[in-house]
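Numbering (full-length UniProt numbering), first residue to last: 1 to 185. Glycine included, each C-beta is placed from N, C-alpha and C at the ideal position. The structure presented is a predicted model; accordingly, all values stated were derived computationally and were not measured. Here's the structure, in structure tokens; my notes come after.
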């Protein structure tokens with residue numbers, strides 16, 4: 001049985017500062033001597049969860065596990081955005097197609113674990129100095145001399161060093177900007 005932090009602190013205080021025995025502390029606090037013994041020396045703390053019971057989190061057959069994996073694999077190959085297999089959908093299909101009698105939470109846990117293992121695939125980009133830049137135009141609202149106005153915004157990012165250059169040109173033309181860009185690039 002886990003105890004509240006207040007009782008844990010009292011057990012530790014009475015042991016460390018008052019020098020009381022386990023039996024005396026149990027009597028004062030009205031808890032079991034076994035509880036006092038567990039928290040007496042500070043090696044256990046009530047907010048840490050004790051080990052599991054030793055049984056498996058869930059029990060599913062290989063057939064069910066393969067079915068779940070095939071559902072998730074079909075999502076990857078078909079790439080139909082609004083019809084992906086959710087844990088609920090897989091659970092419903094398992095009941096209909098395989099006569100599954102387990103719990104929905106079991107399927108949710110398995111699907112979550114399998115999706116976490118899949119992860120997102122990405123290719124890291126790397127550039128040599130001066131090899132590539134990213135340029136974008138945008139608009140921003142600013143207050144200039146007390147007046148609210150919209151201005152054009154030009155941003156450039158050097159891909160190797162991630163250095164940024166931002167300009168507020170008078171209009172969306174490149175003559176002045178392209179010279180600065182070429183000088184930096």
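DSSP on residue i, reduced to helix/strand/coil?
i           : result
residue 143 : strand
residue 150 : strand
residue 133 : strand
residue 20  : coil
residue 94  : helix
residue 165 : strand
residue 159 : coil
Do you know how far the Cα of residue j is from the Cα of residue i?
i           : j           : result
residue 142 : residue 129 : 34 Å
residue 127 : residue 39  : 57 Å
residue 14  : residue 26  : 10 Å
residue 71  : residue 90  : 7 Å
residue 144 : residue 157 : 26 Å
residue 115 : residue 48  : 28 Å
residue 9   : residue 109 : 36 Å
residue 7   : residue 35  : 10 Å
residue 118 : residue 166 : 39 Å
Pick from the options: whose alpha carbon is nearest that of residue i?
i           : options          : result
residue 159 : 132, 23, 122, 20 : 132
residue 17  : 5, 35, 3, 41     : 41
residue 60  : 164, 5, 106      : 106
residue 45  : 3, 117, 110, 113 : 3
residue 92  : 64, 80, 167      : 64
residue 112 : 9, 168, 69, 6    : 69
residue 43  : 23, 19, 12       : 12
residue 94  : 169, 23, 62      : 62
Just checking my contact of residue i with residue j at CB under 8 Å: how many whole Å lie between their CB atoms?
i           : j           : result
residue 98  : residue 122 : Not a contact, Cβ separation roughly 35 Å.
residue 140 : residue 153 : 5 Å
message: Does the stretch 29-44 come into contact with the stretch 65-81, if we say contact requires no fewer than three beta-carbon pairs (one atom in each stretch) closer than 8 Å?
response: Flag = no, the stretch 29-44 and the stretch 65-81 do not touch.
query: Are there three or more Cβ pairs, one per stretch, closer than 8 Å when the stretch 96-103 is compared with the stretch 132-140?
result: Contact between the stretch 96-103 and the stretch 132-140 is absent, because fewer than three Cβ pairs lie under 8 Å.
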